[in-house]
Amino acid sequence: MAETAVIIVIDKLVSLLTEEGNLLRGIHDEVTSIKDLLESMASFLKDADEKAERANNSSGVKTWVKQTREMASHIEDVIDEYIHHVARDRDRHGLSGFLHKTTHTVGGLFARHEISLKIQLIKKRVREILKTSVAYGFNSTQKISFSSSRRDNMLFDQQMASLYTEEAELVGIQTLRDKLIGWSIGGEVASRRSVSSLVGMGGLGKTTLAKKVFDNSSFTEWFDWRAWITVSQSYKNEDILRNMIAEFHRARNESVLEGIETMDLRLLIHTLRGYLKEKRYAVVFDDVWTTNLWECVKLALPDNNNGSRIIITTRKGEVAASCRETFPDQVYDLEPLPPDKAWELFCKKTFRDSSGYCPPELKKFATTIVSRCGGLPLAIVALSGLLSTRGGDVPQWRKLHDSLGSELESNPHLTNVTQILSFSYHDLPHRLKPCFLYFGTYPENCPMRCSTLIRQWIAEGFIQEQRGKTLEEVAEEYLAELIQRSLVQVSYVDERGMHRECQVHDVMREAVILLKIGDMSFSQFLEEDSRFNENSRHLSVDSNAYNVFGSIRSSRAHSLCFFNGIGGPQNPLTSCRNLYKRFKFLRVLDFEDSVLDNLPEEIGYIYHLKYLSLRNTRVKILPKSMGKLVNLETLDLKQSLVHEIPNAINKLPKLRNILAYNMHNNKQLGRTTKRAVVIHEGIEHWRNLQKLYTVEATDSLVKEIGNLKQLRRLGIQKLARKQGKDLCASIGKMSHLQSLEVVAINGDEIINLQSISPPPQRLQTLILIGRLKKLPDWIAGSSFLTRLDLSWSRLAGDQDTLKVLQGLPNLVRLLIYEAFSCEELHFEEGFPKLKELNLIKLNSLQLMRIQNGALPLLESLIIGPSPQLQQVPSGIRNLKNLKNLDFLDMPSHFIDGIQVQETEHRVGPRVIVVKTEGERVMTAKVIDSAVFM
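With positions in the sequence shown counted from 1, the corresponding number in our numbering is that position plus 3.
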């Protein structure tokens with residue numbers, strides 16, 4: 004990953020030279036010279052990385068790449084150290100005297116001389132490395148993909164095994180196989196040429212599935228002209244078309260056309276179109292990596308209304324999407340095998356001689372091994388093949404069980420797993436590689452919040468600026484690309500389709516990420532028996548590594564993250580005093596879920612710190628020294644005990660996110676709500692702030708936040724009616740606002756947001772907790788609104804109000820919590836995209852009617868407590884997509900009146916009747932699939 008390391012340093016140097024030139028006074032020319040040398044080197048580093056990957060461990064190329072990577076890291080550290088030194092002097096002497104003091108005091112001269120020597124040595128080292136590169140013949144113009152002959156040879160064995168899997172050994176894909184066969188040979192769209200794409204990470208069995216369809220007797224009888232084309236990462240369009248011609252003729256036992264080897268691309272396309280003009284044909288393109296392939300081959304495959312079929316296997320969602328051009332085309336996202344099927348496959352492959360029976364003495368080891376495979380057929384088959392040779396030897400099973408990670412790296416029976424999965428990593432552009440490897444800083448089986456991951460990537464400097472986009476938007480695109488490449492799995496999607504949590508597959512983590520980050524000193528997960536690597540750029544500390552962590556004297560780490568509540572009942576920093584001296588290059592410091600109860604003053608001396616999380620800690624007070632963290636971008640105080648932000652933080656110019664609240668019992672509102680933090684006046688420096696969530700309203704604050712014109716999310720509490728006008732004026736200046744939450748100071752106080760002008764056109768989430776005189780008029784025009792929560796609004800709830808809400812074209816979630824005072828609710832039309840509707844504490848509601856055609860996409864409906872509601876909403880059978888229906892604390896006459904027919908197969912919603920006693924929730928009745936009478 005020398006290319007990535009060097010480009011990160013180049014970007015940093017360019018930024019420093021253009022934006023903070025004063026800080027480089029005295030070494031500006033030297034830094035420019037180093038930048039120029041690195042840029043000349045960058046042109047061939049892609050080739051160097053690829054040659055290093057193909058080389059053996061003792062290769063000179065591998066050594067050269069390692070030296071280049073380490074040199075880039077050293078440059079970054081020296082520059083960071085110098086910047087810190089200069090900034091510290093500036094703070095001492097003030098900007099006016101800073102330049103003079105730095106260059107004329109004894110200390111300044113010594114520091115300048117010392118850094119200059121380091122810079123000279125670095126420049127000399129860069130030149131040496133650049134000079135030795137000539138010996139390896141790195142190519143700066145020819146873009147060689149990792150997919151050349153070595154890659155194809157590595158892939159050969161696995162693809163051959165996939166192509167010749169016996170029918171009796173298939174597990175978990177029979178249903179989809181039969182569905183694809185049915186799609187191929189009949190159906191309503193049989194006359195059109197159509198495409199089915201099989202998408203998923205490497206090793207899921209895409210090739211096996213496609214081959215079982217391709218070889219099925221019904222398929223072969225239906226399609227006389229068939230071709231199986233293995234594409235892979237390295238291909239030429241002309242070769243693909245020649246192979247298709249040859250395969251079609253071979254399937255018919257015909258002689259291959261003469262002269263195809265000399266045909267150019269245009270003639271090959273013309274020849275294929277003529278040959279297939281009146282024919283019904285089928286083609287499988289296996290292992291497609293780019294969208295360009297389909298753009299070419301579709302020109303050679305005529306849509307001749309003869310029911311032709313194309314099957315594509317790929318790891319990339321982007322490829323599958325590009326092939327879906329008409330309605331009949333479809334995409335199948337393959338998932339890992341469920342636990343029962345994974346166990347069946349493992350036993351079938353491992354215990355062939357005993358018809359798949361696992362001996363009791365091996366079951367404990369077998370269960371854990373299968374679980375660690377995460378349903379990935381490639382890993383299951385590889386491990387079962389290895390274990391089948393070890394019979395019932397318990398010590399051998401225990402050895403593999405205890406050292407699976409190292410076995411994946413070194414055991415010749417398992418290295419194919421690593422190689423197959425590594426192809427996706429090598430195919431990544433350099434900008435995505437550090438983002439992907441960063442997943443290795445998190446523990447196994449640990450879903451990550453997408454928002455947290457994105458903020459940490461930004462703090463680490465992984466995200467490249469793009470004109471017209473925020474860093475957060477670019478980072479979201481990076482994550483989306485990793486997901487569509489099947490390298491990252493989405494763990495949780497909210498009701499609006501937003502990705503909230505993600506993770507990597509355990510085998511991908513073991514077989515690719517951990518091996519890469521170890522080789523490159525990218526990161527280290529510190530455990531009890533770990534040996535600390537001072538060169539690791541990212542350090543994660545497990546709860547059992549308290550003593551190891553305390554023994555660290557110096558680290559080059561950019562991130563320090565604690566997991567599993569390190570330190571037991573003690574402050575996690577007690578074993579590591581002077582954190583700022585030991586970890587002076589830190590950019591990310593994450594204490595989330597630790598038992599940290601105070602933050603020492605020294606935290607303010609970690610000059611380069613950009614991300615600080617105290618989420619779910621016991622910290623109550625922030626030290627004033629935090630006002631020195633001039634590079635801080637994210638301050639996460641969620642679920643901590645911090646209630647007041649010190650004035651010193653108001654001066655931090657680079658803050659992008661302040662996330663701060665904890666849950667408490669709100670006596671004024673009579674429910675558990677978020678408790679906001681107090682911020683004092685004088686926040687004019689926060690002009691880069693993207694999120695401010697959530698703060699207490701004051702007369703000065705509601706005026707000042709109008710200066711925060713980059714805000715995307717705002718949460719404000721304890722709002723008084725008199726402050727409404729100023730808040731409206733401030734919100735009117737926030738053209739980028741996407742999420743707004745406003746909470747009144749008490750249940751009787753009116754929230755007045757009527758006069759916002761212009762209203763936020765990009766608003767997606769609106770949460771109003773407090774009394775409303777009327778629904779603000781501008782809500783009717785909020786076409787991007789996807790979530791709306793109204794609590795204690797005391798609105799009339801008449802049809803006019805409902806018509807406004809049901810006219811919102813993109814509303815997905817609606818909460819009405821003691822917000823309507825009405826006896827009847829009639830859902831006649833509208834709500835075209837609403838999926839979740841919560842009607843809570845509508846105490847006056849007596850009748851609810853749902854007309855046919857209303858709420859067409861509703862999946863979840865929660866009602867109650869509504870003591871006056873007489874019966875289940877009439878027309879509830881009209882909700883064709885309803886999956887969950889919950890009744891909360893409804894009166895006995897209502898529950899007794901529920902008449903449903905329970906069905907064996909799911910044809911209706913899952914109905915849950917819930918009763919509560921105080922804070923205890925008791926489920927009274929559950930019907931898995933109900934049809935209302």
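Even for Gly, the Cβ is constructed at its ideal location relative to N, Cα and C.
For Gln177, the enclosing alpha helix (DSSP H) has its first and last residue at 177–188. Fully contained in the region 802–862 are the following alpha helix (DSSP H) runs of length 4 or more, in chain order: 802–809. For Ile866, the closest alpha carbon among the candidates His739, Tyr820, Phe330, Met737 is that of Tyr820. For Leu644, the closest C-alpha among the options Leu625, Leu658, Ile652 is that of Leu625. Note that the C-beta distance between Gly320 and Val202 is below 7 Å. Between Val914 and Leu888, the gap from beta carbon to beta carbon is short of 7 Å. Close CB contacts of Met247 within its chain, under the 8 Å cut and outside five residues either way in sequence, are with Ala230, Ile232, Leu275, Val286, Val300, Ala303 (chain order).
By the neighbour-count criterion, in which a residue is buried when 16 or more other Cβ atoms sit within 10 angstroms of its Cβ, Lys209 is buried. Listed in chain order, the non-local C-beta contacts of His87 below 8 Å within the same chain comprise Lys587, Tyr610, His611, local neighbours out to five positions each way being set aside.
Sorting Lys694, Ser869, Phe288, Ala732 by C-alpha distance to the C-alpha of Leu212 places Phe288 at the top. Assigned with DSSP and collapsed to three states, Arg72 falls in helix. Put simply, the backbone Cα of Phe897 is about 48 Å away from that of Leu379. For Ile11 against Lys38, the beta-carbon gap comes to about 12 Å, at or over 8 Å, which does not count as contact.
Per DSSP, the continuous alpha helix (DSSP H) segment holding Thr274 begins and ends at 268–278. Within the region 367–393, the complete alpha helix (DSSP H) runs of at least 4 residues fall at 380–391. Burial of Glu707 is indicated by the presence of at least 16 other C-beta atoms within 10 angstroms of its C-beta. Nearest to Met451 by C-alpha distance, out of Tyr495, Asn414, Leu435, Gln693, is Tyr495. For Gln506, the uninterrupted beta strand (DSSP E) run begins and ends at 502–506, by DSSP. Restricting attention to Ala651, Asn653, Lys657, His646, the CA atom closest to the CA of Met666 is found in His646. Looking at Arg678, Trp795, Pro649, the one whose alpha-carbon comes closest to that of Glu684 is Pro649.
Contact between Pro446 and Phe566 holds, with the beta-carbon distance rounding to 6 Å and staying under 8 Å. CA-to-CA, the gap between Val815 and Lys65 works out to about 53 Å. Counted as a single uninterrupted DSSP element, the alpha helix (DSSP H) harbouring Glu224 occupies residues 220–225. Apart from the 5 residues on each side of it in sequence, Thr906 sits with its Cβ closer than 8 Å to the Cβ of Ser932, Ala933, Val934 in its chain, given in chain order. Scanning its chain for C-beta atoms nearer than 7 Å, with the 5 sequence neighbours on each side dropped, one finds around Trp297 the residues Ser325, Cys326, in chain order. Nearest to Leu805 by C-alpha distance, out of Arg774, Ile853, Ala5, is Ile853. Here DSSP, grouped into helix, strand and coil, assigns Trp231 to strand.
Judged by DSSP secondary structure, Glu699 falls outside any alpha helix (DSSP H) and instead within the beta strand (DSSP E) spanning 694–699. DSSP places Gly911 outside both helix and strand once states are collapsed to three, so it counts as coil.
Comparing C-alpha distances from Pro812 to each of Gln767, Leu529, Arg774, Glu827 shows the shortest one belongs to Gln767. By the C-beta density criterion, Leu120 is exposed, having fewer than 16 other C-beta atoms within 10 angstroms.
In the DSSP assignment, Gly443 falls outside any alpha helix (DSSP H), carrying neither H nor E. Cβ contact annotation for Met851 (same chain, cutoff 6 Å, sequence separation greater than five): Leu828, Pro876, in chain order. About 5 Å separates the Cβ atoms of Ile753 and Arg774, confirming a contact at the 8 Å cut-off.
In the DSSP annotation of this structure, His541 is not part of any alpha helix (DSSP H); the continuous beta strand (DSSP E) holding it starts and ends at 541–544. One alpha carbon belongs to Ile184, the other to Arg283, and they sit about 15 Å apart.
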